[in-house]
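Student:
Number of protein chains: 2
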Amino acid sequence: MTADRIDADDQPTGAPQRTRGSVMRDVARLAGVSHQTVSRVLNDHPNVRPETRERVLAAMRALNYRRNSAARTLVTRRSRTLGLVAFETTLFGPASTLYGIEQAARTAGYFVSVASVRSLDRESVLEAIDRLCEQSVEGIVAITPKNTVVAALSQAPAGLAVVGVGGGGESVPTVCIDNAAGAAMATRHLLALGHATVHHITGPADWPEAQDRIDGWREALYAVAAPVPAPRPGDWSARSGYEQGRLLATDPSVTAVFCANDQIALGALRALHEAGRRVPDEVSVVGFDDVPESSYFLPPLTTVRQDFAELGRRSLDLLIEQLNGDSRTNRRISLTPTFVARTSSGPPSA
Amino acid sequence: MTADRIDADDQPTGAPQRTRGSVMRDVARLAGVSHQTVSRVLNDHPNVRPETRERVLAAMRALNYRRNSAARTLVTRRSRTLGLVAFETTLFGPASTLYGIEQAARTAGYFVSVASVRSLDRESVLEAIDRLCEQSVEGIVAITPKNTVVAALSQAPAGLAVVGVGGGGESVPTVCIDNAAGAAMATRHLLALGHATVHHITGPADWPEAQDRIDGWREALYAVAAPVPAPRPGDWSARSGYEQGRLLATDPSVTAVFCANDQIALGALRALHEAGRRVPDEVSVVGFDDVPESSYFLPPLTTVRQDFAELGRRSLDLLIEQLNGDSRTNRRISLTPTFVARTSSGPPSA
DNA sequence: GGGCAGCATGAGAACGTTAACATTCTCGAC
DNA sequence: GTCGAGAATGTTAACGTTCTCATGCTGCCC
Chain P
1 MTADRIDADD QPTGAPQRTR GSVMRDVARL AGVSHQTVSR VLNDHPNVRP
51 ETRERVLAAM RALNYRRNSA ARTLVTRRSR TLGLVAFETT LFGPASTLYG
101 IEQAARTAGY FVSVASVRSL DRESVLEAID RLCEQSVEGI VAITPKNTVV
151 AALSQAPAGL AVVGVGGGGE SVPTVCIDNA AGAAMATRHL LALGHATVHH
201 ITGPADWPEA QDRIDGWREA LYAVAAPVPA PRPGDWSARS GYEQGRLLAT
251 DPSVTAVFCA NDQIALGALR ALHEAGRRVP DEVSVVGFDD VPESSYFLPP
301 LTTVRQDFAE LGRRSLDLLI EQLNGDSRTN RRISLTPTFV ARTSSGPPSA
Chain W
351 MTADRIDADD QPTGAPQRTR GSVMRDVARL AGVSHQTVSR VLNDHPNVRP
401 ETRERVLAAM RALNYRRNSA ARTLVTRRSR TLGLVAFETT LFGPASTLYG
451 IEQAARTAGY FVSVASVRSL DRESVLEAID RLCEQSVEGI VAITPKNTVV
501 AALSQAPAGL AVVGVGGGGE SVPTVCIDNA AGAAMATRHL LALGHATVHH
551 ITGPADWPEA QDRIDGWREA LYAVAAPVPA PRPGDWSARS GYEQGRLLAT
601 DPSVTAVFCA NDQIALGALR ALHEAGRRVP DEVSVVGFDD VPESSYFLPP
651 LTTVRQDFAE LGRRSLDLLI EQLNGDSRTN RRISLTPTFV ARTSSGPPSA
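Chains P and W supply the protein sequences, listed in that same order. Under the numbering used here, the residue at position 230 of the first sequence is numbered 230, and the numbers go up by one with no gaps. Under the numbering used here, the residue at position 96 of the second sequence is numbered 446, and the numbers go up by one with no gaps.
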């Protein structure tokens, strides 16, 4: 009955221009082959005669055929889609990571579905993962700045491939920048210029990235037996850099400040400027991230550059490794950042 | 044969813990109902006895059931997924728009699949649209800064719902900030402070947003019969702001500069500073966008704020309207930006 | 010349869901 | 007590792919 209706619909009108779009069967009919042969052409199966293949391709062009991915996914159980759990995607770092992952995913033949979370509590993250699972993603990349995210990730359904980017956790394969190394570079740079010690305005305490930068900074100070001032708590924002900068500016012994990111450094620069402390003559400032604007700060900011594109690529590698069922080697990839010297740092005036 | 195998597999093991995950039939069996009843529970069909519903829900919980969206999409022809064509997503504006759209989409019950394009030529954009179509998205939101994108969009398959965000074109429903109004606000602000005229460092010539800002600036000057200096070509980057700023700094008659975005303003601020021209005492600078850092520039930047979240929400409204087949009224939505006065602008010194 | 490998193709059954229709059951009205 | 409306549930057929297996057909070897 229904089949009759379809035929009745098709044959009089000539079928090509239906709202529904054409399907494999239409292509097959036009090319005079079975739908299976069309499928073979579509999937580059070797056993198709060149002539037949050509006929099928012509029919596909004529009907403007597009394969239906839902049907394909249903039968292959592969959605070719990755889920991305992201937070604060308006910031440069996460936005760049997202971009890097998307590019890498495309290259690898995957689609990317984004689930931004408003907050990083376990519940929001689990809900985001849930939504992505419902979309039957094959794996999830989570930009995991906070420990809670990692915790939530490890609660993800068993079969699901998962990779964390940025922050760290033992429970989930992770790729991240070696924040400690970057912080140490920045600190050593300042020490090498002759500063007696280096102050540090940190990121939020519960972000592993912030913690690692603190560790790197502290280690570098330890290594040369420099005094370790109390770290100044920031929250990645320029505002926090400004507030902490004002406090630091009142202390004449402060000659070098390492900021956990470039925004903080920007705030600190303004605070120092307002307090009449000249950079770099009186105080040196170093940031972290190398946002595109940092070379136009006043003065241009010495900082540490992260390669976000590489971060995206590597995280995808790790994910695909899991999807292929490869052994869980290299569960943790760490990328070394690059030091970028500009003019916000110099030898102490004394 | 195959059916036998499945039964043989299922019954001995008890089925709940299979790699494949459970499907509707498993739930139905456990709850002692037909799969259709499960479907009804899932889709909130009214005609299910509360007691039955409860039993089904319990079974779903017990089996950790998740509906298979591919199958659902296949039969309903609705993927509940929107495609997002985006460019330069690492910049604050696009990143914020992306975020706004994602949030709005989630609220409306849609998933978002992102296709970033490396460049905005017609080919890249069409390819991105193609990829999204293959994923059977129901509609596409394109962050359409350049005219070529709009052109490519209008080439999209006929049945596809499309909305452009940001830039404009007549051929596609669009939601954008009223850039001309914003630019006029900035310009009028400077004129009201007593400046004889206002110089302008523009965005790239082929971006409608940049063009609209030029128009708004020029109109505001015309309105008070102020002289209209030649616009200085920029490209959104701090670098271009710096370069144009250096040129402007050499001209002592320049007392007010309106920059097409905050990055350009940052570069201009640095150039003016290096040239020894004090802001705002000698030269006033105004930006556009209100990036989070702009209140920590030196000096804090007077600028024009865009509401990206609203932009995302409205573009989604427009898209959903199309999906519902509503009339094509309001094909163009324009949002008025907000003027934000800070300290980078003031009366001319003379 | 019979058997057989292997290529090219086709037929039909999945995949897991929703939609359309069919069936039972429950009540109240006549 | 029968009828019928409507609620609750079940049956079956799509949806558009890919997969498995079957079937010709060709050409080659012994």
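Ideal placement from N, C-alpha and C gives every residue a C-beta, glycine not left out.
Is the beta carbon of R131 (chain P) sitting closer than 8 Å to the one on A151 (chain P)?
Tutor: The count along the first sequence starts at 1 and reaches residue 131 (chain P) at position 131. The count along the first sequence starts at 1 and reaches residue 151 (chain P) at position 151. The answer is no: Cβ separation not under 8 Å.
Student: In the stretch 149 to 160 of chain P, which residues sit with their C-beta less than 8 Å from some C-beta in chain W, listed in chain order?
Tutor: P157 and G159
Student: Evaluate the contact criterion for the stretch 312 to 324 of chain P versus the stretch 89 to 109 of chain P: three or more CB pairs, one atom per stretch, below 8 Å.
Tutor: yes
Student: Please list the terminal residues of the continuous beta strand (DSSP E) segment that includes R430 (chain W).
Tutor: In the second sequence, residue 430 (chain W) corresponds to position 80, counting from 1. Premise fails: R430 (chain W) is in no beta strand (DSSP E) and is neither H nor E.
Student: Can you tell which of W:L392, W:C609 and W:E624 has its C-alpha closest to the C-alpha of S634 (chain W)?
Tutor: In the second sequence, residue 634 (chain W) corresponds to position 284, counting from 1. For the residues W:L392, W:C609 and W:E624, the minimum Cα distance to S634 (chain W) belongs to W:C609.
Student: Hey, is P642 (chain W)'s beta-carbon within less than 8 Å of any beta-carbon in chain P?
Tutor: The residue you call residue 642 (chain W) lines up with position 292 of the second sequence. Taking Cβ atoms only, chain P reaches closer than 8 Å to P642 (chain W), which makes this a yes.
Student: Distance cutoff 8 Å, beta carbons only. Does G234 (chain P) sit that close to anything in chain W?
Tutor: Counting from one through the first sequence, the residue named residue 234 (chain P) turns up at place 234. By this cut-off, G234 (chain P) is not an interface position.
Student: Output needed for P348 (chain P): all residues of its chain with C-beta closer than 6 Å, excluding positions within five of it in sequence on either side, in chain order.
Tutor: If you number the first sequence from 1, residue 348 (chain P) lands on position 348. Within the same chain, P348 (chain P) has close Cβ partners G194, H195 and T255.
Student: Check the Cβ of E473 (chain W) against every Cβ in chain P and list those closer than 7 Å, keeping chain order.
Tutor: Here residue 473 (chain W) is taken as the residue at index 123 of the second sequence, counted from 1. Here the premise fails: no neighbours, minimum Cβ distance about 15 Å.
Student: Buried or exposed: which applies to N179 (chain P), given that a residue is buried once 16 or more other Cβ atoms fall within 10 Å of its Cβ?
Tutor: One-based indexing of the first sequence puts residue 179 (chain P) at position 179. It is buried - the Cβ of N179 (chain P) has at least 16 other Cβ atoms within 10 Å.
Student: At a CB-CB cut-off below 8 Å, which residues of chain P make contact with T537 (chain W)?
Tutor: If you number the second sequence from 1, residue 537 (chain W) lands on position 187. What T537 (chain W) touches in chain P: nothing, since even the nearest Cβ is about 24 Å away.
Student: Identify each residue in the stretch 68 to 83 of chain P for which the Cβ-Cβ distance to at least one residue of chain W is less than 7 Å, and report them in chain order.
Tutor: N68, S69, A70, A71, T73, L74 and S79
Student: Should the stretch 237 to 246 of chain P be regarded as contacting the stretch 267 to 281 of chain P, the criterion being three or more beta carbon pairs within less than 8 Å?
Tutor: yes
Student: For H545 (chain W), does the three-state DSSP call read helix, strand or coil?
Tutor: The count along the second sequence starts at 1 and reaches residue 545 (chain W) at position 195. It is coil, neither helix nor strand.
Student: Helix, strand or coil: how does DSSP classify T688 (chain W) here?
Tutor: Position 338 of the second sequence, counted from the start, is the residue given in the question as residue 688 (chain W). Strand, per DSSP.
Student: In three-state DSSP terms, what is T255 (chain P)?
Tutor: Along the first sequence, one-based indexing puts residue 255 (chain P) at 255. T255 (chain P) falls in the coil class under three-state DSSP.
Student: In whole angstroms, what is the alpha-carbon distance linking Y222 (chain P) and A86 (chain P)?
Tutor: In the first sequence, residue 222 (chain P) corresponds to position 222, counting from 1. In the first sequence, residue 86 (chain P) corresponds to position 86, counting from 1. CA-to-CA, the gap between Y222 (chain P) and A86 (chain P) works out to about 35 Å.
Student: Compare the C-beta of F87 (chain P) against all C-beta atoms of chain W and say whether one is closer than 8 Å.
Tutor: On the first sequence, position 87 is the one that residue 87 (chain P) refers to. Not an interface residue.
Student: Check D289 (chain P) in the structure and name its three-state DSSP category.
Tutor: On the first sequence, residue 289 (chain P) is found 289 positions in, with the first residue counted as 1. In this structure, DSSP gives D289 (chain P) an extended state, which the three-state scheme calls strand.
Student: I'd like to know if Q36 (chain P) contacts chain W, where contact means its C-beta is closer than 8 Å to some C-beta of that chain.
Tutor: Stepping through the first sequence from its first residue, residue 36 (chain P) is reached at position 36. Not closer than 8 Å to any Cβ of chain W, the Cβ of Q36 (chain P) fails to qualify, so no.
Student: Quick check: the stretch 461 to 477 of chain W against the stretch 36 to 52 of chain P, are there 3 or more CB pairs under 8 Å?
Tutor: Because the criterion of three Cβ pairs below 8 Å is not met, the stretch 461 to 477 of chain W and the stretch 36 to 52 of chain P do not touch.
Student: Once DSSP output is grouped into helix, strand and coil, what is the label at S463 (chain W)?
Tutor: Here the question's residue 463 (chain W) lines up with position 113 in the second sequence. The answer is strand: DSSP assigns S463 (chain W) an E or B state.
Student: Taking DSSP as the reference, what is the three-state secondary structure of P348 (chain P)?
Tutor: Locating residue 348 (chain P) in the first sequence gives position 348, where the first residue counts as 1. P348 (chain P): coil per DSSP, three-state reduction.
Student: To which residues does DSSP link V515 (chain W) through a beta bridge?
Tutor: Here residue 515 (chain W) is taken as the residue at index 165 of the second sequence, counted from 1. Paired residue(s): W:I493 and W:V525.
Student: If we cut at 8 Å on Cβ distances, does L298 (chain P) have a partner in chain W?
Tutor: Within the first sequence, residue 298 (chain P) is the residue found at index 298, counting from 1. Judged by the 8 Å Cβ criterion, L298 (chain P) is in contact with chain W.
Student: Between E51 (chain P) and chain W, is any beta-carbon pair separated by less than 8 Å?
Tutor: Within the first sequence, the letter at position 51 stands for residue 51 (chain P). False, the Cβ-Cβ gap to chain W never drops below 8 Å.
Student: Comparing C-alpha positions only, which one of W:E520, W:E438, W:F442 and W:T426 sits nearest to S486 (chain W)?
Tutor: Here residue 486 (chain W) refers to the residue found at position 136 when the second sequence is read from its first residue. Checked all of W:E520, W:E438, W:F442 and W:T426; the closest Cα to S486 (chain W) is W:T426.
Student: Could you tell me the distance, in whole angstroms, from the CA atom of D212 (chain P) to the CA atom of V286 (chain P)?
Tutor: As a first step, residue 212 (chain P) must be located in the first sequence, where it is residue number 212. As a first step, residue 286 (chain P) must be located in the first sequence, where it is residue number 286. Taken atom to atom, the span from the alpha-carbon of D212 (chain P) to that of V286 (chain P) is near 16 Å.
Student: State yes or no: is the beta carbon of R61 (chain P) nearer than 8 Å to at least one beta carbon in chain W?
Tutor: The residue you call residue 61 (chain P) lines up with position 61 of the first sequence. Cβ-Cβ to chain W under 8 Å: no for R61 (chain P).
Student: What does DSSP give as the partner residue(s) for T302 (chain P) in the beta ladder?
Tutor: Counted from its first residue, the first sequence places residue 302 (chain P) at position 302. The partner list for T302 (chain P) (beta bridge, DSSP) reads P:V286.
Student: Looking at chain P, is there any beta carbon in it that lies within less than 8 Å of the beta carbon of A574 (chain W)?
Tutor: Walking along the second sequence from the start, residue 574 (chain W) turns up at place 224. Before going on, a small fix: residue 574 (chain W) reads as Val here, not Ala. Taking Cβ atoms only, chain P never reaches closer than 8 Å to V574 (chain W), which makes this a no.
Student: Helix, strand or coil for R422 (chain W), going by three-state DSSP, please let me know.
Tutor: Within the second sequence, the letter at position 72 stands for residue 422 (chain W). In the three-state DSSP reduction, R422 (chain W) falls in the helix class (H, G or I).
Student: To the nearest angstrom, how far is it from the Cα of A455 (chain W) to the Cα of V114 (chain P)?
Tutor: For the purposes of this step, residue 455 (chain W) is taken as residue 105 along the second sequence, with counting starting at 1. For the purposes of this step, residue 114 (chain P) is taken as residue 114 along the first sequence, with counting starting at 1. So the two alpha carbons sit approximately 11 Å from each other.
Student: Using a Cβ-Cβ cut-off of less than 8 Å, give me the residues of the stretch 261 to 292 of chain P that come near chain W, in sequence order.
Tutor: The residues in question are Q263, L266, G267, L269, R270, H273 and P292.
Student: To the nearest angstrom, how far is the alpha carbon of V198 (chain P) from that of P229 (chain P)?
Tutor: Counted from its first residue, the first sequence places residue 198 (chain P) at position 198. Counted from its first residue, the first sequence places residue 229 (chain P) at position 229. About 8 Å.
Student: Report the residue from W:E643, W:V525, W:N611 and W:A506 whose alpha carbon sits nearest the alpha carbon of V514 (chain W).
Tutor: Here residue 514 (chain W) refers to the residue found at position 164 when the second sequence is read from its first residue. Here residue 514 (chain W) is Gly; the residue named in the question, Val, does not match the sequence. The candidate whose alpha carbon is nearest that of G514 (chain W) is W:V525.
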